[in-house]
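Accompanying notes for the structure given below.
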Amino acid sequence: MLYLSEHAGCRNYEGGQRSSIEYRKVRQGERIESQFQENKIIFLLKGEFCVNCGGYDDCFTEGHLMVIPAGTPYVVTAREDTEYIICRVSNNLHLCGEFSLERLFHEEDTNNYECRPLPFCEAMQYYVEMVYHYLQDGIRCRWFFDIKMKELMFILRNYYTKEELKQFFSPLLSDDLYFSDFVLKNHRKVKNVKEFAELANYSISGFEKRFKKVFHVSAYHWMKEQKAKEILYEIHTSDKTFKEIGWDYGFASPAQFNDFCKANFGMTPGQIRSAATKEEK
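This note's numbering puts the first residue of the sequence shown at 321, with every later residue one more than the last.
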């Protein structure tokens, strides 16, 4: 690349770890645990990941892309040396100038899809290879990355069926993307529906009404399910003691935490972790 120093000094240069598009690699056996603050699309260039993220718990192989929604804790283990590209994307996505995710939600049938990776088609393969070369050359321009994100959406819109796209984007789809994005990013900041409504500047009844319209369940029921999923994730993947996990999720005593696990998972925290350890072996 010519004039690299000028590029790095430009106000549109994205330095640090917050680049809109970035290349990463991990070694075999390396484990990554995190929770994204933005929606991510991950392109696996080489290798294989074991991914535990929300409802997805499976292997993710090279030549595929997948979505990880904002606010979702995840754990990834590299089965072999792995290279991948991350794209940070907003929830206000348009597959083209006239086709938004909200329109995809309304246009397709209402079946519940499980999120699954998409295989690279020929056009996507060319796209990923070029993005990789740009990143290797040191390009980190916000303006350029915006163009590449629009190109990505155009490829998805024109080379994949609407059914494939609905399955791929299923964690992000709703008829009110602004609200669903707010819920996914902020649900861990509050303890109950009242606090959630206050954070959203709603009355409790107004918040409940909008929540049920978007998520098709009550806010209380959704938050309870989310809490159970995240607790199960913590028991499976973290090295925290059960007392620490219980404290983090607002349980007054280990006995109360034990009762919650028995009621929701049919096992004590110790039994759950022991079963997970056996599965890994």
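Positions of the beta carbon are idealized from the N, C-alpha and C atoms, including for glycine.
Around the beta carbon of Asp-501, 16 or more other beta carbons lie within 10 angstroms, which makes this residue buried.
Put simply, of Lys-529, Ile-592, Leu-322, Ile-341 the residue whose alpha carbon is nearest the alpha carbon of Trp-463 is Ile-341. For Lys-345, the number of other beta carbons within 10 angstroms of its own is below 16, and it is reported as exposed.
Where Tyr-404 is concerned, the enclosing beta strand (DSSP E) starts and stops at 402 to 409. In the same chain as Phe-499, and ignoring 5 residues on each side of it, the C-beta atoms closer than 7 Å to its own belong to Arg-530, Val-534, in chain order. DSSP assignment within the stretch 425 to 486 yields the following whole alpha helix (DSSP H) runs of 4 residues or more, N-terminal first: 442 to 456, 462 to 479. The shortest CA-to-CA distance from Lys-360 to any of Leu-472, Arg-331, Glu-400 is the one to Leu-472. Going by C-alpha positions, Val-513 is about 8 Å away from Met-543. Cys-330 sits in coil when the DSSP states are folded into three classes, being neither helix nor strand.
The continuous beta strand (DSSP E) containing Arg-344 extends over residues 341 to 346. Our two residues, Thr-588 and Glu-334, have alpha carbons roughly 46 Å apart in a direct line. By DSSP's assignment, Ile-388 forms a beta bridge with Lys-360. Under the DSSP assignment, His-556 falls in the alpha helix (DSSP H) whose first and last residues are 539 to 557.
When the alpha-carbon of Asn-478 is set against those of Gly-458, Met-444, Ser-558, the nearest one is in Met-444. Close CB contacts of Tyr-447 within its chain, under the 7 Å cut and outside five residues either way in sequence, are with Glu-471, Leu-472, Ile-475 (chain order).
In the displayed model, Ala-583 falls within a helix according to three-state DSSP.
Of the residues assessed, Thr-481 falls on the exposed side of the cut-off, its CB having fewer than 16 other CB atoms within 10 angstroms.
By the neighbour-count criterion, in which 16 or more other beta carbons inside 10 Å mark a residue as buried, Glu-550 falls on the buried side. Here Tyr-540 is exposed: its Cβ has fewer than 16 other Cβ atoms, across all protein chains shown, within 10 Å. Between the C-alpha atoms of Cys-407 and Asp-466 there is a straight-line separation of about 10 Å. As a beta-bridge residue in DSSP terms, Asp-378 pairs with Val-371. Per DSSP, the unbroken alpha helix (DSSP H) holding Leu-519 starts and ends at 513 to 519.
Lys-560 sits in coil when the DSSP states are folded into three classes, being neither helix nor strand. Glu-368 and Tyr-522 have their C-alpha atoms some 44 Å from each other. Inter-residue distance for Val-387 and Glu-484 is about 13 Å (C-alpha atoms, whole angstroms). At a Cβ-Cβ threshold of 8 Å, Ile-524 and Met-321 do not count as neighbours.
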